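Under this note's numbering, the first residue of the sequence shown carries the number 2, and numbering increases by one thereafter. These notes concern the structure reproduced below.
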Amino acid sequence: MYQRALAAGRKLIGIDHHDTSRRDNKLGVALHNQGKYDEAEIMHRRALKEREKTLGKDHPETLRSMNNLGAVLHEQEKYDEAQIMHRHALEGREKALGKDHPDTLRSINDLGVTLHCQEKYDEAEIMHRRALEGREKALGKDHPETLRSMNNLGAALRRQEKYDEAETMHRRALERREKALGRGHRDTLWSVNELGMVLHRQKSAALHEQEKYDEAETMHRRALEGKEKTLREGHRDTLKSVNELGAVLLDRKKYGEAEIMLRRALVGREKALGKDHRDTLQSANNLARLLENQTNNDEAETTRRDAAEGSEKELQQRDSDILPSSAGTGGKSYNQKEYEEHDITSALHRPDIQVSVASPAVMLHDQSQYGQEEIMYRHALVAMVKALGPGHADTLDTMNLLGETLLDLKKYHEAEAMIRRAVVGRERTLGPVHRDTLLSVNNLGVALCNQKKHYEAEAMYRYASVSAEKTLGSYHQDTLLCIYNLACALHKQRKYHEAEMMHWRALAGREETLGPGHQHTLRSIIKLAAILHDQRKYGTAEVMYRRAARETVKALGVGHRLSVKSGHSLAVFLQNPASSAPGVVS
Numbered sequence: 002m003y004q005r006a007l008a009a010g011r012k013l014i015g016i017d018h019h020d021t022s023r024r025d026n027k028l029g030v031a032l033h034n035q036g037k038y039d040e041a042e043i044m045h046r047r048a049l050k051e052r053e054k055t056l057g058k059d060h061p062e063t064l065r066s067m068n069n070l071g072a073v074l075h076e077q078e079k080y081d082e083a084q085i086m087h088r089h090a091l092e093g094r095e096k097a098l099g100k101d102h103p104d105t106l107r108s109i110n111d112l113g114v115t116l117h118c119q120e121k122y123d124e125a126e127i128m129h130r131r132a133l134e135g136r137e138k139a140l141g142k143d144h145p146e147t148l149r150s151m152n153n154l155g156a157a158l159r160r161q162e163k164y165d166e167a168e169t170m171h172r173r174a175l176e177r178r179e180k181a182l183g184r185g186h187r188d189t190l191w192s193v194n195e196l197g198m199v200l201h202r203q204k205s206a207a208l209h210e211q212e213k214y215d216e217a218e219t220m221h222r223r224a225l226e227g228k229e230k231t232l233r234e235g236h237r238d239t240l241k242s243v244n245e246l247g248a249v250l251l252d253r254k255k256y257g258e259a260e261i262m263l264r265r266a267l268v269g270r271e272k273a274l275g276k277d278h279r280d281t282l283q284s285a286n287n288l289a290r291l292l293e294n295q296t297n298n299d300e301a302e303t304t305r306r307d308a309a310e311g312s313e314k315e316l317q318q319r320d321s322d323i324l325p326s327s328a329g330t331g332g333k334s335y336n337q338k339e340y341e342e343h344d345i346t347s348a349l350h351r352p353d354i355q356v357s358v359a360s361p362a363v364m365l366h367d368q369s370q371y372g373q374e375e376i377m378y379r380h381a382l383v384a385m386v387k388a389l390g391p392g393h394a395d396t397l398d399t400m401n402l403l404g405e406t407l408l409d410l411k412k413y414h415e416a417e418a419m420i421r422r423a424v425v426g427r428e429r430t431l432g433p434v435h436r437d438t439l440l441s442v443n444n445l446g447v448a449l450c451n452q453k454k455h456y457e458a459e460a461m462y463r464y465a466s467v468s469a470e471k472t473l474g475s476y477h478q479d480t481l482l483c484i485y486n487l488a489c490a491l492h493k494q495r496k497y498h499e500a501e502m503m504h505w506r507a508l509a510g511r512e513e514t515l516g517p518g519h520q521h522t523l524r525s526i527i528k529l530a531a532i533l534h535d536q537r538k539y540g541t542a543e544v545m546y547r548r549a550a551r552e553t554v555k556a557l558g559v560g561h562r563l564s565v566k567s568g569h570s571l572a573v574f575l576q577n578p579a580s581s582a583p584g585v586v587s
């Protein structure tokens with residue numbers, strides 16, 4: 002009806018008349034609100050062209066059309082062009098209206114949102130800080146637009162793992178939205194959901210992990226309950242809360258309820274969004290991770306493969322920005338592993354969605370099918386380089402994972418080459434002290450150590466441990482991982498005194514952050530016993546060997562590999578204390 006009226010109006014008053022451009026703009030907004038983004042884009046392009054011709058490029062209404070076009074392009078995930086539109090609109094509004102005008106602040110906010118979706122989180126943070134500061138002055142601290150900027154800033158901070166400040170922002174936004182809008186308002190529920198996500202992501206670094214989990218679960222339950230009341234069944238926001246709650250329950254090992262939530266999210270997203278949509282693939286990955294934990298490997302692998310096929314279709318269909326990585330679970334469910342004495346860890350720590358193309362290889366890894374895993378990662382890497390470019394974060398993630406797989410296969414020379422590529426790419430893209438960069442440096446140390454290049458491996462571990470301590474803190478598990486590996490490299494070179502000091506540091510940190518029964522803590526005890534043994538500190542060495550044997554059996558059971566290893570080490574020591582520590586230095 003509206004479109005027929007518009008066509009009739011064109012005949013009466015002409016295509017370039019100002020009223021026609023206003024009607025085009027209104028129709029574009031209406032179509033946008035109905036989710037008809039393709040049609041809305043056509044109307045906004047037409048309105049923009051008309052207004053540029055009749056009003057000029059710097060007229061406020063022309064700039065409004067430009068901003069509206071940017072918004073509809075954003076909804077279609079055409080982020081590059083959306084960014085161009087929002088930047089032009091912002092520049093024009095700053096000149097025509099001033100930096101503090103509400104329309105200018107809206108452009109700043111919208112540009113920040115688009116930058117966020119392009120994974121340019123540091124730039125997005127700058128925009129959202131500007132928008133928040135401007136809106137607090139122009140609109141007041143409790144205005145809905147001000148609180149939206151506060152929420153958006155919190156999201157950008159979370160993506161950069163600045164969890165403390167992100168939590169502060171989301172708590173502040175939630176408190177003010179509850180007062181201004183009510184507990185059941187959609188924006189309030191969005192803040193509840195965002196706060197829950199921050200609390201969940203903080204789990205790896207939190208001193209009071211259980212408290213964070215408890216509150217994260219409470220927040221996601223509250224968000225889901227509110228959305229179920231206010232939104233239609235199957236709404237995208239509701240399904241997001243279902244998925245997030247399922248992820249928290251999974252990490253809390255509440256597998257029964259987690260499975261119900263994750264299956265519900267997957268079915269709902271397949272129906273509402275399609276099997277190949279990024280949100281659907283996220284749910285498929287989370288469900289597969291649950292099934293792995295329940296040892297349902299056949300269904301887990303099937304689910305992973307479905308997600309991989311869908312993700313590969315997205316790679317083929319889109320030129321960039323396919324899967325904003327992360328996992329509601331804190332990253333890929335890729336285990337920290339041991340290569341001789343050395344730990345290796347996956348570098349996928351980004352918060353909401355996992356990189357699905359590589360996911361089937363995770364299952365194959367658990368089944369020791371390393372050759373198939375290598376093929377899977379090589380295939381994924383070729384596709385990502387072609388679709389995203391060699392320097393994209395997801396490409397570098399897969400490059401690092403392929404390097405880890407080559408380590409599993411004992412192809413150390415190839416692994417070294419692949420991980421060096423990942424290190425160079427991550428240093429260029431993320432910076433030399435970013436967490437993912439440091440984890441790749443650590444993995445490079447593993448590859449070097451396994452080729453008996455202990456001196457160069459020591460340099461890698463030293464750099465990684467010092468940088469991780471500055472960036473993440475002394476007791477972060479990644480810092481402790483690098484310290485442990487440095488100690489092992491020093492031991493290999495018979496630098497016993499410093500190796501012992503490093504092992505004591507790693508053990509103290511792991512006992513405090515991971516607990517006495519954690520596998521990494523137990524491995525630190527075993528390695529510390531060995532270094533004491535090789536220094537002929539027999540009394541202390543025996544204490545540590547006995548402790549390792551006792552605590553591994555208690556925590557892991559008699560038949561576990563570490564229990565067997567620690568028992569064997571104790572037996573060898575008791576039989577002949579003057580011998581070298583078993584399996585460490587010949």
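Beta carbons are placed, not taken as given, at the ideal position from N, Cα and C, and that holds for glycine. For clarity, every value in this text was computed on a predicted model and none was experimentally measured.
| Item | Value |
| --- | --- |
| Inter-stretch contact at 8 Å, needing at least 3 Cβ pairs: the region 96–110 / the region 122–142 | yes |
| Separation of Ala423 from Ala458, as counted between CA atoms | 16 Å |
| Option nearest Thr169 by Cα separation, candidates Glu146, His144, Met198 and Gly185 | Met198 |
| Residue nearest to Glu229 in terms of C-alpha spacing, selected from Trp191, Arg264 and Ala248 | Trp191 |
| Burial state of Asn234, where buried means 16 or more other Cβ atoms lie within 10 Å | The question names Asn, yet the displayed sequence has Glu at residue 234. Exposed is the call here. |
| Rounded straight-line distance, which links the Cα of Tyr462 to that of Lys100 | 48 Å |
| Validate contact between the region 52–59 and the region 28–40 using beta carbons, cut 8 Å, 3 pairs | no |
| Exposure of Asp143, with buried meaning 16 or more beta-carbon neighbours within 10 Å | exposed |
| Complete runs of the alpha helix (DSSP H) confined to the region 147–185 [at least 4 residues] | 164–182 |
| Option in Pro61, Gly57, Lys37 and Thr21 with minimal Cα separation from Arg47 | Thr21 |
| Burial state of Val544 (16 or more Cβ within 10 Å) | exposed |
| Contact between the region 269–278 and the region 252–260 (3+ Cβ pairs under 8 Å) | no |
| Selection from Pro61, Lys58, Asn68 and Asp59 that minimises the alpha carbon distance to Gly29 | Asn68 |
| Which listed residue (Ser475, Lys412, Thr480 and Lys471) has its alpha carbon closest to that of Ala448 | Lys412 |
| Residue range of the alpha helix (DSSP H) that includes Asn69 | Pro61 to Glu76 |
| Assumed close pair Tyr464, Val442 - CB separation to whole angstroms, cut-off 8 Å | 6 Å |
| Length at least 4, wholly inside the region 74–154: the alpha helix (DSSP H) runs in chain order | 80–98, 103–118 and 122–139 |
| Cβ contact check for the region 426–437 and the region 376–387: 3 or more pairs under 8 Å | no |
| Where Leu516 falls: helix, strand or coil (DSSP) | Correcting the residue identity first, residue 516 is Gly in this sequence and not Leu. If DSSP states are grouped into helix, strand and coil, Gly516 belongs with coil. |
| Beta-carbon contacts of Glu513 that lie in its chain and below 7 Å, excluding the five residues immediately before and after | Tyr476 |
| Buried or exposed (CB count within 10 angstroms, at least 16 for buried), Lys96 | exposed |
| Cβ neighbours of Glu375 in the same chain (closer than 6 Å, five flanking residues each side left out) | Thr406 |
| Range of the contiguous alpha helix (DSSP H) that encloses Ser475 | That residue, Ser475, is in no alpha helix (DSSP H); it is neither H nor E in DSSP. |
| Inter-residue Cα distance where the pair is Ala259 and Asp437 | 29 Å |
| Rounded Cβ spacing between Ser564 and Gly558 (contact assumed at less than 8 Å) | 6 Å |
| 8 Å Cβ shell around Val73 - same chain, five flanking residues per side excluded | Gly29, His33, Tyr38, Ala41, Glu42 and His45 |
| Member of Asp165, Gln161 and Pro145 whose CA lies at the smallest distance from the CA of Arg187 | Pro145 |
| Contacting residues, own chain, Cβ-Cβ under 8 Å from Gly93 (five flanking each side not counted) | Lys58, Asp59, Thr63, Leu64 and Met67 |
| Reduced DSSP secondary structure (H/G/I, E/B, other) of Asn451 | coil |
| C-alpha gap between Gly540 and Asn444, whole angstroms | 34 Å |
| Rounded straight-line distance, which links the Cα of Lys241 to that of Ala507 | 38 Å |
| Counted within 10 angstroms of its Cβ, other Cβ atoms place Glu176 as buried (16 or more) or exposed | exposed |
| Under 9 Å between C-beta atoms of Asp123 and Gln84 | no |
| Spatial neighbours of Arg511 in its chain, beta-carbon cut-off 7 Å, leaving aside the 5 residues before and after | Leu481, His519, His521, Thr522 and Ser525 |
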